[in-house]
Amino acid sequence: MTTAEAAERWGISPISVKHLCTGLQGRPPRLTAEECRKSGRTWLVTRQGMERLYGPEKE
49 MTTAEAAERW GISPISVKHL CTGLQGRPPR LTAEECRKSG RTWLVTRQGM ERLYGPEKE
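Be aware that the sequence shown starts at 49, since it is given in the working numbering, and climbs by one per residue.
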């Protein structure tokens, strides 16, 4: 799913999801290469990666 979709489903900001893939202020990314990748100009993340960090999807 895209970072925008993940942000909406877990109730966080899209830029926060992007930072999980890219890292922030010199810190390493929190998602692994298997959990996120870039397709063109869009970051894609897996449900498994989001659940590992944030728990089950918000209802």
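Backbone N, C-alpha and C fix where the C-beta goes; we use that ideal spot for every residue, glycine too.
R89 carries a coil assignment under DSSP once its states are collapsed to helix, strand and coil. In this structure, the beta-carbon distance from K106 to R57 falls below 8 Å. Around the C-beta of E82, fewer than 16 other C-beta atoms lie within 10 Å, and the residue is accordingly described as exposed. In this structure L101 is not in contact with L72, their Cβ atoms being roughly 14 Å apart against a cut-off of 8 Å.
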